[in-house]
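**Student:** To start, I am sharing the structure in question, which I have written as structure tokens.
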Amino acid sequence: LREKIESGEWNPGARLPTENELCEMCQISKTTVRQALSALAIEGFLVRKQGRGTFVAEPRIEQGPVELTSFSEEMQRRGLCPASKIMELKEIPATPKIAEELELNKGELVFMIKRLRLADDEPMGIQTAYLPAALLPGLLDEELSGSLYQVLEEKYSIIPASATEVHYAVLLDKHKAELLGMPSRDSVGLLVERRASSQDEHPIEFVSSIMRGDRYQVSIHLVRRSFNNVAAMR
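Heads up: the sequence shown is residues 819 to 1052, going by this note's numbering.
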């Protein structure tokens, strides 16, 4: 089944044959078919929709961590049209965690910007950003359905220069799964926490994003340090 997907014989969005048809096609038991479908769904190859059947998943969007880009920039680079639906905009006192991430005093005011991020009109993630209110007066009055980094650069002359990210696998609750267009049960998301800093290394944004686990992945290039040391001595 994986070969049919990877070869393009079954295109993204295509509905798979029924379990009975797969049993006949592969000459295996229904139990084995169900195990295979579950495994491929966990790996992100398939999407199971209750009452509708099993479908080939859309290709995952891969993010490489070497270059700092906004969601909008990353989608445009991949030929997709980014968009946002504003879910919540408000000014709030910084919680201890937000204050620590942004190097603020506890209770200092921050702007919270919560958006549903889309690519080609398909939900990709729920993103909640926190920014120092004192640093960015009037930010919530700006057009925030596009690239936040573009607003920071053009309106405030602040350029996000570096960032640190932490990634977690999370089980989505029913509400988040529905917002992302995923099955309401047993759907896995990728929680990404990013702290971005300006050119003077001062934190300017802390953002928590819950991305679709079936459409998003991170690619990391690793180099063995001892290999570099040996190569340098030659």
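The beta carbon of each residue, even a glycine, is placed where N, CA and C say it ideally should be. What you are looking at is a predicted structure, and each value in this text was computed from that prediction instead of being measured.
Looking at C-beta atoms only, is the number of pairs between the region 906 to 916 and the region 864 to 876 that lie closer than 8 Å three or more?
**Tutor:** The region 906 to 916, when compared against the region 864 to 876, does not touch it at the 8 Å Cβ threshold.
**Student:** If I measure Cβ to Cβ from Tyr967 and keep anything under 7 Å in the same chain, skipping five residues before and after, which residues do I get?
**Tutor:** Ser888 and Pro978
**Student:** Which residue marks the beginning of the beta strand (DSSP E) containing Val1041, and which one marks its end?
**Tutor:** Neither: Val1041 is in no beta strand (DSSP E) and is coded neither H nor E.
**Student:** Quick check: the region 986 to 1004 against the region 831 to 846, are at least 3 beta-carbon pairs closer than 8 Å?
**Tutor:** no
**Student:** Nearest-angstrom Cα distance between Gly871 and Thr850?
**Tutor:** 17 Å
**Student:** Apart from the five residues on each side of it in sequence, which residues of its chain come closer than 6 Å, Cβ to Cβ, to Glu906?
**Tutor:** Same-chain partners within the cutoff: Lys932.
**Student:** Cα-Cα, which of Ser963, Ser975, Ser1016 and Arg935 is closest to Ser1026?
**Tutor:** Arg935
**Student:** According to the Cβ coordinates, are Arg833 and Phe863 closer than 8 Å?
**Tutor:** no
**Student:** Can a CB atom of chain C be found closer than 8 Å to the CB of Asp939?
**Tutor:** Annotation note: the requested chain C is absent from the structure, which comprises a single protein chain.
**Student:** Of all the options Ala875, Gly943, Asn923 and Lys915, which has the alpha carbon lying nearest to the alpha carbon of Ser890?
**Tutor:** With respect to the C-alpha of Ser890, the residue from Ala875, Gly943, Asn923 and Lys915 having the closest C-alpha is Gly943.
**Student:** Taking 7 Å as the cut-off, is the beta-carbon of Ala951 closer than that to any non-hydrogen atom of the ligand ADP?
**Tutor:** Because no ligand of any kind appears in the structure shown, any question about the ligand ADP cannot be addressed here.
**Student:** For Met1000, which of helix, strand or coil comes out of DSSP?
**Tutor:** Residue state, collapsed to three classes: coil.
**Student:** Keeping to the same chain, check which residues put their C-beta closer than 8 Å to that of Val969; ignore five residues upstream and five downstream.
**Tutor:** Leu957, Glu960, Glu961 and Leu962
**Student:** Exposed or buried, Gln845, counting other C-beta atoms within 10 Å across all chains shown (16 or more means buried)?
**Tutor:** exposed
**Student:** Among Ala947, Glu940 and Tyr1034, which residue has its Cα nearest to the Cα of Arg1012?
**Tutor:** Ala947
**Student:** Report the rounded CA-to-CA distance for Ser1002 versus Ile1038, giving the unit in angstroms.
**Tutor:** 30 Å
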